[in-house]
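Asks: Using our numbering, read the sequence shown as starting at 8 and increasing by one per residue.
Idealized CB from N, CA, C, for every residue including glycine.
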Amino acid sequence: MKPATGKGWWARHTLRFKIILLAIIAVIVIGLAVGLGVGLTQGGGSGSSPSAPSSTPTGTLTPLPSPSARPKWQPSVNSTWQIILQGPINFGPSNTSITPNVSVYDIDLFTNSEDVISTLHNMGKNVICYFSAGSYEPGRPDSANFTASDKGDGLQGWPGEVWLNLNSTNVRNIMKARIELAAQKGCDAVDPDNVDGYQNTNGLGLTEADSVNYMQFLAENAQAHNLSIGLKNALDIIPAVLPVVQFSVNEQCVEYGECTSFAAFIAAGKPVFHIEYPSDAPNLKTADVTNYCSNTGKGNGTDGFSTVLKNMDLDGWVEYCDGQTADTPLLNTSS
Numbered sequence: 008m009k010p011a012t013g014k015g016w017w018a019r020h021t022l023r024f025k026i027i028l029l030a031i032i033a034v035i036v037i038g039l040a041v042g043l044g045v046g047l048t049q050g051g052g053s054g055s056s057p058s059a060p061s062s063t064p065t066g067t068l069t070p071l072p073s074p075s076a077r078p079k080w081q082p083s084v085n086s087t088w089q090i091i092l093q094g095p096i097n098f099g100p101s102n103t104s105i106t107p108n109v110s111v112y113d114i115d116l117f118t119n120s121e122d123v124i125s126t127l128h129n130m131g132k133n134v135i136c137y138f139s140a141g142s143y144e145p146g147r148p149d150s151a152n153f154t155a156s157d158k159g160d161g162l163q164g165w166p167g168e169v170w171l172n173l174n175s176t177n178v179r180n181i182m183k184a185r186i187e188l189a190a191q192k193g194c195d196a197v198d199p200d201n202v203d204g205y206q207n208t209n210g211l212g213l214t215e216a217d218s219v220n221y222m223q224f225l226a227e228n229a230q231a232h233n234l235s236i237g238l239k240n241a242l243d244i245i246p247a248v249l250p251v252v253q254f255s256v257n258e259q260c261v262e263y264g265e266c267t268s269f270a271a272f273i274a275a276g277k278p279v280f281h282i283e284y285p286s287d288a289p290n291l292k293t294a295d296v297t298n299y300c301s302n303t304g305k306g307n308g309t310d311g312f313s314t315v316l317k318n319m320d321l322d323g324w325v326e327y328c329d330g331q332t333a334d335t336p337l338l339n340t341s342s
């Protein structure tokens, strides 16, 4: 449509009217500009794009109180170690030596007997006993004790294994019994795995606070049996649980660039037992070892860590940052 002919709306008004109208418009524009500036400041300011949603709650978790008594064994920073979750260990006829000759062995609670643990002690080794505290595994001696209501979604990549409800009284009673078994077998510490269900699709609505409360429960039971206890992964809850655990067992912090979070253990005088799983293990090149063992780049923060390079089976093979390798003999229990 063409514009109408004749004088326009603006031309028909006096100069005084125009001045008053422009003044009113100026006041409105200034008000809008101030309001917009306040809104931008509250939302990030300086024209910056909104920050990505955090994977953790905005609330700060309160650190747990330190236990009233110290456990019998506090492992030291830079401890040498080996982890074997396929087993049991085969010492051979002499039972006087083992390879590698390291100070700490982290082994499966169920597949290793009291005799295995006693033999390691006779060799001057400390023993950490592994069990999954946050997942159901089929085939464990107590697997039938879990109920359907205890179980959530499956663990990705681990067929048959599912997340557990950390708040379940039944689950907690089973884990209490596992800690008692560790004490009966003579373990020096426990390594409870999969307490980081909150980081995964667990089907149970688990939160960081649930994991902190659960670790407090586990730590209290370990302390009651004079056992040390470690935190497995779960970097988000380190500040809260650091007072009640004696060490960290971490997997792949170099792979994911997360090692600075675990350095809090070293600062507290507690070791980080650190595992990386190179894709080409056990045929590693020197450059591969350097990549995982350097306190630079993605490995920043690993100074003082007790690093081992393993394959995903966690069998007897291990390589250390000095290039030394070992293969602990295991009994064949497949038959």
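Who pairs with I236 in a beta bridge, going by DSSP?
Replies: Taking the sequence shown and counting its residues from 1, one reaches residue 236 at position 229. The partner list for I236 (beta bridge, DSSP) reads V197.
Asks: Give the range of the alpha helix (DSSP H) segment to which F224 is assigned.
Replies: Here residue 224 is taken as the residue at index 217 of the sequence shown, counted from 1. Where F224 is concerned, the enclosing alpha helix (DSSP H) stretches over 215-231.
Asks: Using 10 angstroms around the beta-carbon of A241, count the other beta-carbons present and answer buried if the total reaches 16, otherwise exposed.
Replies: Counting from 1 along the sequence shown, the entry for residue 241 is found at position 234. A241 is buried by the Cβ-count criterion.
Asks: Quick check on the DSSP output: the alpha helix (DSSP H) that includes N180 runs from which residue to which?
Replies: Residue mapping note: residue 180 aligns to position 173 of the sequence shown, counting from 1. Element bounds for N180: 176-192.
Asks: Measuring alpha carbon to alpha carbon, tell me which of Y299, T314, C266 ends up nearest F280.
Replies: One-based indexing of the sequence shown puts residue 280 at position 273. Comparing Cα-Cα distances from F280 to each of Y299, T314, C266, the minimum goes to T314.
Asks: Around the Cβ of C266, are there at least 16 other Cβ atoms within 10 angstroms (buried) or fewer (exposed)?
Replies: Locating residue 266 in the sequence shown gives position 259, counting from the first residue. By the 10 Å Cβ count, C266 comes out buried.
Asks: What residue range does the alpha helix (DSSP H) around E121 cover?
Replies: Taking the sequence shown and counting its residues from 1, one reaches residue 121 at position 114. Where E121 is concerned, the enclosing alpha helix (DSSP H) stretches over 121-129.
Asks: For D195 versus I135, is the C-beta distance shorter than 9 Å?
Replies: Counting from one through the sequence shown, the residue named residue 195 turns up at place 188. Counting from one through the sequence shown, the residue named residue 135 turns up at place 128. Yes; because the gap between Cβ atoms is below 9 Å, this pair is in contact.
Asks: Assuming D200 contacts S139 (C-beta within less than 8 Å), just tell me the rounded distance between them.
Replies: Translated into positions along the sequence shown, residue 200 becomes position 193. Translated into positions along the sequence shown, residue 139 becomes position 132. Contact holds; Cβ gap of about 5 Å.
Asks: Buried or exposed: where does S75 fall if 16 or more other Cβ atoms within 10 Å of its Cβ makes it buried?
Replies: The sequence position of residue 75 within the sequence shown is 68, counting from 1. Exposed, because fewer than 16 other Cβ atoms sit within 10 Å of the Cβ of S75.
Asks: Any contact between the segment 215-225 and the segment 164-182? By contact I mean 3 or more CB pairs, one from each, below 8 Å.
Replies: Segments in contact, yes.
Asks: Can you give the Cα-Cα distance for A229 and D329, rounded to whole angstroms?
Replies: Counting from 1 along the sequence shown, the entry for residue 229 is found at position 222. Counting from 1 along the sequence shown, the entry for residue 329 is found at position 322. Near 34 Å, if we compare the C-alpha coordinates of D329 and A229.
Asks: Suppose you measure from the CA of A226 to the CA of I186; what does that come to, to the nearest Å?
Replies: Mapped onto the sequence shown, residue 226 falls at position 219. Mapped onto the sequence shown, residue 186 falls at position 179. Roughly 10 Å between the two C-alpha positions.
Asks: To the nearest angstrom, how far is the alpha carbon of Y299 from that of E283?
Replies: In the sequence shown, residue 299 corresponds to position 292, counting from 1. In the sequence shown, residue 283 corresponds to position 276, counting from 1. Taking the straight line joining both Cα atoms gives about 7 Å.
Asks: For P145, count the other beta carbons within 10 Å of its own beta carbon; 16 or more makes it buried, fewer makes it exposed. Which is it?
Replies: Within the sequence shown, the letter at position 138 stands for residue 145. Exposed is the call here.
Asks: Alpha carbon to alpha carbon, how far is W88 from T103?
Replies: Walking along the sequence shown from the start, residue 88 turns up at place 81. Walking along the sequence shown from the start, residue 103 turns up at place 96. Rounded to the nearest angstrom, the two C-alpha atoms are 18 Å apart.
Asks: In terms of alpha-carbon separation, which member of Y221, D149, N307 lies closest to Y205?
Replies: Taking the first residue of the sequence shown as position 1, residue 205 is located at position 198. Here the closest residue by C-alpha is Y221.
Asks: Leaving out five residues before and five after G131 in sequence, what residues of the same chain have Cβ atoms less than 8 Å from its Cβ?
Replies: Start at 1 with the first residue of the sequence shown, and residue 131 comes out as number 124. Taken in chain order, the residues that qualify are S110.
Asks: By alpha-carbon positions, which one of A275, P82, S83, H232 ends up nearest to S73?
Replies: Position 66 of the sequence shown, counted from the first residue, corresponds to residue 73. Checked all of A275, P82, S83, H232; the closest Cα to S73 is A275.
Asks: If you reduce the DSSP assignment to three classes, tell me which class V84 lands in.
Replies: To locate residue 84, count along the sequence shown from 1; it is residue 77. It is coil, neither helix nor strand.
Asks: What first and last residue would you give for the beta strand (DSSP E) that runs through D160?
Replies: The sequence position of residue 160 within the sequence shown is 153, counting from 1. Its beta strand (DSSP E) spans residues 158-161.
Asks: Does the separation of the CB atoms of D115 and Q81 fall below 9 Å?
Replies: As a position in the sequence shown, residue 115 is number 108, starting the count at 1. As a position in the sequence shown, residue 81 is number 74, starting the count at 1. No, the pair does not count as a contact, with Cβ atoms beyond the cut-off.
Asks: Identify which residue in N290, T309, T67 has its Cα closest to the Cα of I273.
Replies: In the sequence shown, residue 273 corresponds to position 266, counting from 1. Minimum Cα distance to I273 is reached at T309.
Asks: For S110, which residues does DSSP report across the bridge?
Replies: Residue 110 sits at position 103 when you count from the first residue of the sequence shown. Answer is none; S110 lacks a bridge partner.
Asks: Please name the residue, chosen from T303, L238, P166, that lies closest to D198 on a Cα-to-Cα basis.
Replies: In the sequence shown, the residue the question calls residue 198 occupies position 191. Closest option to D198, Cα to Cα, is L238.
Asks: Spatial neighbours of C260 within its chain, please: CB distance less than 7 Å, with the 5 preceding and 5 following residues excluded, ordered by chain position.
Replies: On the sequence shown, residue 260 is found 253 positions in, with the first residue counted as 1. Same-chain partners within the cutoff: C266, F269, H281.
Asks: Output yes if chain D places a C-beta closer than 9 Å to the C-beta of G323; else output no.
Replies: Here chain D cannot be found, since the structure has a single protein chain.
Asks: Around the Cβ of E326, are there at least 16 other Cβ atoms within 10 angstroms (buried) or fewer (exposed)?
Replies: Here residue 326 is taken as the residue at index 319 of the sequence shown, counted from 1. E326 is buried by the Cβ-count criterion.
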